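K.L.:
Pasting a structure here, questions to come.
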Amino acid sequence: MATIRAALPAEYEVVGEIAAKAYADAGNLPADGSYVSVLRDAADRAAEAELLVALDDDRPVGTVTVIRPGDSYAEIARAGEIEFRMLAVAPDAGGRGVGRQLVEAVVERARAGGFGRVVLCVSETAETPRRLYERMGFQRLPDRDWSPTGDISLLGYHLDLGA
(Lines of atoms letter the chains of each structure in order from A; the text may use other names.)
(Lines give C-alpha, C1' and ligand atoms only; values in the text may rest on other atoms or scores of the structure.)
Protein backbone atom coordinates (compact mmCIF):
# COMPACT_ATOMS: atom_id res chain seq x y z
CA MET A 1 0.00 0.00 0.00
CA ALA A 2 1.40 3.37 -1.05
CA THR A 3 1.47 6.49 1.09
CA ILE A 4 -0.41 9.40 -0.52
CA ARG A 5 0.45 12.99 0.39
CA ALA A 6 1.16 16.40 -1.12
CA ALA A 7 4.26 16.34 -3.28
CA LEU A 8 7.32 18.14 -1.95
CA PRO A 9 9.41 20.52 -4.09
CA ALA A 10 12.31 18.03 -4.09
CA GLU A 11 9.96 15.50 -5.75
CA TYR A 12 8.56 17.73 -8.50
CA GLU A 13 11.06 16.67 -11.16
CA VAL A 14 10.55 12.94 -10.66
CA VAL A 15 6.77 13.40 -10.39
CA GLY A 16 6.78 15.30 -13.68
CA GLU A 17 8.78 12.54 -15.34
CA ILE A 18 6.40 9.85 -14.03
CA ALA A 19 3.49 11.72 -15.62
CA ALA A 20 5.28 12.35 -18.93
CA LYS A 21 6.45 8.74 -19.22
CA ALA A 22 3.07 7.25 -18.30
CA TYR A 23 1.24 9.35 -20.87
CA ALA A 24 3.86 8.67 -23.57
CA ASP A 25 3.90 4.92 -22.88
CA ALA A 26 0.09 4.82 -23.09
CA GLY A 27 0.06 6.71 -26.38
CA ASN A 28 -2.00 9.51 -24.86
CA LEU A 29 0.01 12.48 -26.08
CA PRO A 30 -0.90 14.72 -29.01
CA ALA A 31 1.10 14.03 -32.14
CA ASP A 32 2.92 17.35 -31.77
CA GLY A 33 4.13 16.42 -28.26
CA SER A 34 3.04 19.78 -26.83
CA TYR A 35 1.52 18.28 -23.69
CA VAL A 36 4.79 16.75 -22.46
CA SER A 37 6.01 20.08 -21.08
CA VAL A 38 2.73 20.50 -19.17
CA LEU A 39 3.05 17.00 -17.69
CA ARG A 40 6.67 17.63 -16.69
CA ASP A 41 5.87 20.95 -14.97
CA ALA A 42 4.84 19.50 -11.62
CA ALA A 43 5.99 22.66 -9.84
CA ASP A 44 3.36 24.71 -11.67
CA ARG A 45 0.66 22.17 -10.84
CA ALA A 46 1.68 22.32 -7.17
CA ALA A 47 1.47 26.12 -7.24
CA GLU A 48 -1.86 26.31 -9.07
CA ALA A 49 -3.70 23.23 -7.70
CA GLU A 50 -2.96 20.35 -5.30
CA LEU A 51 -0.29 17.94 -6.48
CA LEU A 52 -0.41 14.54 -4.79
CA VAL A 53 2.27 11.89 -4.88
CA ALA A 54 2.07 8.18 -4.12
CA LEU A 55 5.14 6.85 -2.32
CA ASP A 56 6.46 3.32 -2.03
CA ASP A 57 9.18 3.33 0.65
CA ASP A 58 9.66 7.08 0.14
CA ARG A 59 10.06 6.61 -3.65
CA PRO A 60 7.50 8.44 -5.82
CA VAL A 61 5.53 5.90 -7.88
CA GLY A 62 2.43 7.89 -8.87
CA THR A 63 0.80 11.28 -9.02
CA VAL A 64 -2.48 13.10 -9.54
CA THR A 65 -3.47 16.76 -9.69
CA VAL A 66 -6.55 17.75 -7.64
CA ILE A 67 -8.34 20.78 -9.01
CA ARG A 68 -10.82 22.92 -7.15
CA PRO A 69 -13.14 25.57 -8.63
CA GLY A 70 -11.14 28.56 -9.82
CA ASP A 71 -7.84 26.68 -10.19
CA SER A 72 -6.13 27.45 -13.49
CA TYR A 73 -5.96 23.73 -14.36
CA ALA A 74 -9.75 23.31 -14.31
CA GLU A 75 -11.12 21.97 -17.58
CA ILE A 76 -14.63 20.60 -17.04
CA ALA A 77 -15.53 21.17 -13.38
CA ARG A 78 -18.55 23.27 -12.50
CA ALA A 79 -19.72 24.71 -9.19
CA GLY A 80 -19.81 22.06 -6.45
CA GLU A 81 -17.40 19.76 -8.29
CA ILE A 82 -13.79 18.80 -7.75
CA GLU A 83 -11.79 17.63 -10.76
CA PHE A 84 -8.68 15.57 -11.14
CA ARG A 85 -6.19 15.41 -13.97
CA MET A 86 -2.86 13.89 -14.92
CA LEU A 87 -3.22 10.67 -12.96
CA ALA A 88 -0.07 8.66 -13.64
CA VAL A 89 1.66 5.61 -12.19
CA ALA A 90 5.28 4.62 -12.78
CA PRO A 91 5.55 1.58 -15.06
CA ASP A 92 7.25 -0.54 -12.37
CA ALA A 93 4.38 0.20 -9.95
CA GLY A 94 1.53 -0.65 -12.33
CA GLY A 95 -1.03 -3.24 -11.28
CA ARG A 96 -0.48 -2.69 -7.56
CA GLY A 97 -3.46 -0.44 -6.87
CA VAL A 98 -1.56 2.85 -6.83
CA GLY A 99 -3.93 4.45 -9.33
CA ARG A 100 -6.93 3.38 -7.26
CA GLN A 101 -5.36 4.81 -4.09
CA LEU A 102 -4.75 8.14 -5.84
CA VAL A 103 -8.38 8.32 -7.01
CA GLU A 104 -9.55 7.41 -3.50
CA ALA A 105 -7.44 10.29 -2.14
CA VAL A 106 -9.19 12.67 -4.56
CA VAL A 107 -12.61 11.38 -3.47
CA GLU A 108 -11.63 11.82 0.20
CA ARG A 109 -10.62 15.42 -0.46
CA ALA A 110 -13.87 16.05 -2.32
CA ARG A 111 -15.94 14.71 0.58
CA ALA A 112 -13.92 16.66 3.15
CA GLY A 113 -14.36 19.83 1.11
CA GLY A 114 -18.11 19.41 0.78
CA PHE A 115 -18.07 18.78 -2.97
CA GLY A 116 -20.99 16.80 -4.37
CA ARG A 117 -19.25 15.38 -7.42
CA VAL A 118 -15.83 14.38 -8.72
CA VAL A 119 -15.25 14.85 -12.45
CA LEU A 120 -12.48 13.98 -14.88
CA CYS A 121 -11.67 13.56 -18.54
CA VAL A 122 -9.81 10.58 -19.95
CA SER A 123 -8.61 9.81 -23.44
CA GLU A 124 -11.01 7.60 -25.35
CA THR A 125 -8.04 5.31 -26.10
CA ALA A 126 -7.00 4.96 -22.42
CA GLU A 127 -8.76 1.68 -21.72
CA THR A 128 -6.99 0.74 -18.47
CA PRO A 129 -7.78 4.02 -16.66
CA ARG A 130 -11.35 3.97 -17.98
CA ARG A 131 -11.87 0.47 -16.58
CA LEU A 132 -10.49 1.61 -13.21
CA TYR A 133 -12.82 4.61 -13.06
CA GLU A 134 -15.83 2.53 -14.06
CA ARG A 135 -15.02 -0.13 -11.44
CA MET A 136 -14.86 2.67 -8.86
CA GLY A 137 -18.37 3.83 -9.77
CA PHE A 138 -17.60 6.68 -12.16
CA GLN A 139 -20.16 7.08 -14.92
CA ARG A 140 -19.93 8.67 -18.35
CA LEU A 141 -20.69 12.36 -18.62
CA PRO A 142 -21.00 12.82 -22.40
CA ASP A 143 -21.92 16.51 -22.27
CA ARG A 144 -18.38 17.20 -20.96
CA ASP A 145 -16.57 15.30 -23.75
CA TRP A 146 -14.13 17.52 -25.64
CA SER A 147 -11.04 17.52 -27.80
CA PRO A 148 -7.97 19.62 -26.87
CA THR A 149 -6.33 18.78 -30.21
CA GLY A 150 -7.49 17.20 -33.44
CA ASP A 151 -5.92 13.84 -32.58
CA ILE A 152 -7.04 13.52 -28.93
CA SER A 153 -10.64 13.02 -27.80
CA LEU A 154 -11.42 13.19 -24.09
CA LEU A 155 -14.40 11.52 -22.44
CA GLY A 156 -16.06 13.06 -19.39
CA TYR A 157 -16.76 10.96 -16.26
CA HIS A 158 -18.33 11.76 -12.91
CA LEU A 159 -18.82 10.22 -9.48
CA ASP A 160 -21.70 11.65 -7.49
CA LEU A 161 -20.91 11.71 -3.78
CA GLY A 162 -24.45 12.20 -2.51
CA ALA A 163 -25.59 14.56 0.18
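Numbering (the UniProt record's numbering), first residue to last: 1 to 163. Note that beta-carbon positions come from the ideal geometry of N, C-alpha and C, so glycine has one too. Nothing here was measured: the structure is a model prediction, and the numbers come from that model.
So, is Ala19 buried or exposed, given that buried needs 16 or more other C-beta atoms within 10 angstroms?
P.N.:
Buried: at least 16 other Cβ atoms inside 10 Å.
K.L.:
Might you give, ordered along the chain, the residues of its own chain that have their beta carbon closer than 8 angstroms to the beta carbon of Glu48, omitting 5 neighbours on each side?
P.N.:
Within the same chain, Glu48 has close Cβ partners Asp71, Ser72, Tyr73.
K.L.:
Spatial neighbours of Val89 within its chain, please: C-beta separation below 7 angstroms, excluding the five flanking residues on both sides.
P.N.:
Ala22, Val61, Gly62, Val98, Gly99, listed in sequence order.
K.L.:
Can you check whether the CB of Val64 is closer than 8 angstroms to the CB of Leu52?
P.N.:
Yes, they are a contact pair.
K.L.:
Expressed to the nearest angstrom, what Euclidean distance is found between the alpha-carbon atoms of Val119 and Gly156?
P.N.:
Approximately 7 angstroms, taken between the alpha carbons.
K.L.:
Using a Cβ-Cβ cutoff of less than 7 angstroms, which residues in the same chain neighbour Gln139 once the five nearest sequence positions on both sides are dropped?
P.N.:
Here the set comprises Tyr157, His158.
K.L.:
Please report the straight-line C-alpha distance between Val14 and Arg117, rounded to a whole angstrom.
P.N.:
In a straight line, the C-alpha of Val14 is about 30 angstroms away from that of Arg117.
K.L.:
So who's on the other strand from Pro60, going by DSSP bridges?
P.N.:
The partner list for Pro60 (beta bridge, DSSP) reads Leu55.
K.L.:
Under a Cβ-count criterion, where at least 16 other Cβ atoms within 10 Å of its own Cβ denotes burial, should Arg85 be classed as buried or exposed?
P.N.:
Classification for Arg85: buried.
K.L.:
Thinking Arg109 and Ile82 are a contact (beta carbons under 8 angstroms), I'd like their distance in whole angstroms, please.
P.N.:
Arg109 to Ile82, Cβ: 7 angstroms. Contact.
K.L.:
Please work out which residues of its chain come closer than 8 angstroms, Cβ to Cβ, to Glu17, disregarding the five sequence neighbours upstream and downstream, and give them in chain order.
P.N.:
Hits under 8 angstroms: Arg40.
K.L.:
Hey, quick one: how far does the alpha helix (DSSP H) through Asp25 stretch, first residue to last?
P.N.:
Counting along the chain, the alpha helix (DSSP H) containing Asp25 begins and ends at 12 to 25.
K.L.:
Nearest-angstrom Cα distance between Ala10 and Asp57?
P.N.:
Taking the straight line from one Cα to the other gives about 16 angstroms.
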